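Chemist: In the working numbering, the protein residues as written are 491 to 671.
For each residue, glycine too, the CB sits at the ideal point set by N, CA and C.
None of the values given here were measured: they were computed from a predicted structure.
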Ligand code: ZN
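(1) Provide the residue span of the alpha helix (DSSP H) that contains residue 626, from first to last.
(2) Only counting the same chain, and skipping five residues up and downstream in sequence, which positions put a Cβ closer than 7 Å to that of residue 622?
(3) Please go through the same chain and pick out, in chain order, the residues whose beta-carbon is closer than 6 Å to the beta-carbon of residue 573, but skip the five residues on each side of it.
(4) So what does DSSP say about residue 651, is it helix, strand or coil?
(5) Taking all protein chains shown into account, decide if residue 546 is buried (16 or more other Cβ within 10 angstroms of its Cβ) or exposed.
(6) What is the DSSP secondary structure of residue 609, counted as helix, strand or coil?
(7) Express the C-alpha separation of residue 642 and residue 628 in angstroms, rounding to a whole number.
(8) If you count every other CB in all the chains shown that lies within 10 Å of the CB of residue 535, and 16 or more means buried, which is it?
(9) Indicate whether residue 631 and residue 499 have their beta-carbon atoms separated by less than 7 Å.
(10) Go through the region 525-588 residue by residue and report every complete run of the beta strand (DSSP E) that reaches 3 residues or more, in order.
(11) Where does the unbroken alpha helix (DSSP H) through residue 513 begin, and where does it stop?
(12) Is the beta carbon of residue 570 less than 7 Å from the beta carbon of residue 556?
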């Protein structure tokens with residue numbers, strides 16, 4: 491496995507609509523290696539998710555995993571999930587707001603509102619169909635990663651840039667807010 495190079499904001503590939511993966515392509519050892527490299531890259535860079543366009547491949551693949559993540563210490567664990575050609579449907583009307591960052595947007599965090607719940611369908615790495623409901627943090631990570639397949643980054647989803655924060659300031663002021671009386 492190897493560490494893939496991460497595309498940073500401004501790289502045109504982050505703004506392209508990713509292509510669906512065919513079953514034939516997914517079954518090649520080259521593509522399976524690519525998925526392993528995505529997982530490896532996400533883990534080594536302490537991401538909770540990674541989309542293929544972020545590693546210069548404009549294909550509809552996302553990987554997710556969170557366990558004791560140092561970049562997001564207060565978040566619940568998510569088991570490893572590989573999703574091919576994902577589709578979000580039935581988004582809830584209620585929204586949740588949370589801090590997001592991105593491996594393609596260095597050193598910034600901002601508050602984003604996302605659907606609190608939705609249904610997801612797609613395929614696993616063996617092209618077996620999947621369909622499930624997601625809510626809370628899991629739903630937020632899925633929406634963030636699937637946005638990458640549509641050429642969107644979290645900055646596009648912010649409706650108030652006043653929360654945009656450098657990582658050092660986020661850690662100083664917002665990570666563990668101390669209550670004052
Ligand atoms: Zn991202």
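Modeler: This is what the structure holds:
(1) As a working mapping, residue 626 is identified with position 136 in the chain shown. For residue 626, the enclosing alpha helix (DSSP H) stretches over residues 626-639.
(2) Taking the first residue of the chain shown as 1, we reach residue 622 at position 132. These residues qualify, in order along the chain: 610.
(3) Within the chain shown, residue 573 is the residue found at index 83, counting from 1. Excluding residues within five positions, the ones whose Cβ falls inside 6 Å are 552 and 612.
(4) Here the question's residue 651 lines up with position 161 in the chain shown. The three-state reading of DSSP puts residue 651 in helix, counting H, G and I together.
(5) Mapped onto the chain shown, residue 546 falls at position 56. Residue 546 comes out exposed.
(6) One-based indexing of the chain shown puts residue 609 at position 119. Residue 609: strand per DSSP, three-state reduction.
(7) Position 138 of the chain shown, counted from the start, is the residue given in the question as residue 628. Position 152 of the chain shown, counted from the start, is the residue given in the question as residue 642. A direct Cα-to-Cα measurement between residue 628 and residue 642 gives close to 18 Å.
(8) Working through the chain shown from its first residue, we reach residue 535 at position 45. Exposed is the call here.
(9) Position 141 of the chain shown, counting from 1, holds the residue named residue 631. Position 9 of the chain shown, counting from 1, holds the residue named residue 499. The answer is no: Cβ separation not under 7 Å.
(10) Counting whole runs of 3 or more residues, the region 525-588 contains the beta strand (DSSP E) stretches 539-541, 551-556 and 568-579.
(11) Locating residue 513 in the chain shown gives position 23, counting from the first residue. Here the alpha helix (DSSP H) through residue 513 covers 513-516.
(12) Mapped onto the chain shown, residue 570 falls at position 80. Mapped onto the chain shown, residue 556 falls at position 66. The answer is no: Cβ separation not under 7 Å.
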